[in-house]
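Per the working numbering, the very first residue in the sequence shown carries number 950; after that it's consecutive. Backbone N, C-alpha and C define an ideal beta-carbon position, used for all residues, glycine too. All values derive from a computational prediction rather than experimental measurement. Contents: one structure, followed by commentary.
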Amino acid sequence: MDDGKGRLPQFRVTLNARCGRACFFCRPSGEAIATAAGAELAVDDLIRTASAVRAHGVDGIKLTGGDPALYGPLEEAVGRLRTEAGFTSIELISRHPLIGDRAKGLAELGVTVFNMSVDTLDPELHHEICGVDDLPEVLHALGQCVATGVPTKVNTVVMSGVNDAELPGLVEYCEDLGVRTLKFLDVIKDLDGGTESFARRLAIRRGSTLPDLYLPLAELTARFRARASREETRSQGGLGHPMTVLVLGSGMELVVKDSTAGAWYGDICGGCPLYPCHDALMALRLTADLRLQFCLLREDISIPLADGLSDGTLEELVAGALGEYAGASFRTPTPRLEVLKS
Ligand code: SF4
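Quick look at the structure:
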């Protein structure tokens, strides 16, 4: 058990509220709690809030959505996050083909990592998983991100009986393309616990539930370990899940985010009916409708910022939110997950 004293979360921003896809393992507002479809952050509000977070020593920001590729003022936002707010690490997370044509300019403005999601190399399966028939365009955009020279990650959600059989092929594809990091993530099996969910779509297409797609990743990790020249454990930010990093012979990192490795919980989790949830405390998120969100599932404890931006209390609200993470404690294994596995 780690006392977690003084730890800071990742800072993640959902720039807008929809991505135009409906992936099995996700939900309409993505990693944000339920957000109205047209919501979009004003760049000035983003910069002011991000600067308040930056003042606490958080030097990295992850831009997500929705999808940043569909956010008009993305270039202005990235440039100002770099020059005005002073972020030294700006990761852009997308799964939309439109990010490809913007990648070169965004790299010049200060994006330090491109992160694209690819769950399969099978066009039909891609269409089934996300509801959009555009895998060649997504892969073309991925190539455009790699071509900028900025380190490019690929995220793959491993789904039992859906894409687990083709993971070796995906590893090979990413190595050949020059992807820097391929990350396998396990399905967040309680992500349908809020008011929004794509569970109905999954039920119609596959007759499955989100927990049905969950695959423990230990065996998968062991399979790729044989190809690794080096192995380490890495956590992103002060509250990141411990992840296994396998450096393959090609130099590409294969990162495995396996929830059974443990997660962080804090005082805010006390009495939570969802405790111990899958993703736990990992990131402070700014939503497209100007709320601070503590975790993936609790919609009732977010902090509205609109008044704080106008009445001068923004910094106080941000400090209070970050304080909720400072004393978080690490626990492993996550008991409810153990129950579900048994
Ligand atoms: S992280 Fe959120 S949902 Fe999970 S136990 Fe804590 S308060 Fe509840």
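Best match in the options for proximity to residue i [C-alpha to C-alpha]
| i | options | result |
| --- | --- | --- |
| threonine 963 | Thr1013, Leu1055, Gln1185 | Thr1013 |
| methionine 1192 | Ile1048, Lys1053, Leu1134 | Leu1134 |
| aspartate 1083 | Val1095, Cys1094, Leu1070 | Leu1070 |
| valine 1067 | Gly1186, Asn1104, His1089, Pro1117 | Asn1104 |
| histidine 1045 | Ala1018, Gly1080, Glu980 | Ala1018 |
| leucine 1162 | His1076, Asp1249, Asn1112 | Asn1112 |
| serine 1109 | Thr1130, Lys1102, Met1065, Thr1158 | Thr1158 |
| arginine 1179 | Met1201, Gln1185, Phe1243 | Met1201 |
| glutamate 927 | Gly1021, Arg1172, Ile1010 | Because the chain in this structure spans residues 950 to 1291, residue 927 falls outside the shown range and cannot be described. |
| leucine 1230 | Arg1240, Ala1056, Leu1246 | Leu1246 |
| glycine 1143 | Ile1250, Asp1238, Phe1173 | Ile1250 |
| alanine 1210 | Val1196, Gly1189, Ile1217 | Gly1189 |
| leucine 1131 | Ile982, Ser1208, Leu1091 | Leu1091 |
| aspartate 1141 | Cys1226, Ala1177, Cys968 | Cys1226 |
| alanine 991 | Gly1015, Leu1119, Tyr1020 | Tyr1020 |
beta-carbon residue i near the ligand SF4 non-hydrogen atom, thresh 6 Å
| i | result |
| --- | --- |
| arginine 1247 | yes |
| isoleucine 1217 | yes |
| arginine 1055 | It should be pointed out that residue 1055 corresponds to leucine in this sequence rather than to arginine. No, the beta carbon of leucine 1055 sits no closer than 6 Å to any heavy atom of the ligand SF4. |
| cysteine 1123 | no |
| tyrosine 1163 | no |
| tyrosine 1224 | yes |
| alanine 1229 | yes |
| cysteine 975 | no |
| alanine 1244 | Reading off the sequence, residue 1244 comes out as cysteine, not alanine. Under cutoff, so the answer is yes. |
| cysteine 1094 | no |
| cysteine 1221 | yes |
Length at least 3, wholly inside the stretch 994 to 1033: the beta strand (DSSP E) runs in chain order | Within the stretch 994 to 1033, the complete beta strand (DSSP E) runs of at least 3 residues are 1009 to 1013.
Whole beta strand (DSSP E) elements within the stretch 1183 to 1224, 3-residue minimum = 1192 to 1197, 1202 to 1206, 1212 to 1214
Which parts of the stretch 1077 to 1109 are runs of the alpha helix (DSSP H), unbroken and 4 residues or longer, counting only runs that do not cross its ends?
-> 1084 to 1096
Say whether the stretch 1220 to 1230 touches the stretch 990 to 1001, bearing in mind that this needs 3 or more beta-carbon pairs closer than 8 Å, one atom from each stretch.
-> no
Three or more C-beta pairs below 8 Å linking the stretch 1233 to 1252 and the stretch 1146 to 1156 | no
Cβ contact (3+ pairs, closer than 8 Å) linking the stretch 1073 to 1083 and the stretch 965 to 985 | yes
Beta strand (DSSP E) runs contained entirely in the stretch 1140 to 1168, provided each spans 3 or more residues | Counting only runs of 3 or more residues that sit fully inside the stretch 1140 to 1168, no beta strand (DSSP E) segment turns up.
Count the C-beta pairs between the stretch 1056 to 1063 and the stretch 1024 to 1040 that are closer than 8 Å, then say yes if the count reaches three, no if not.
-> yes
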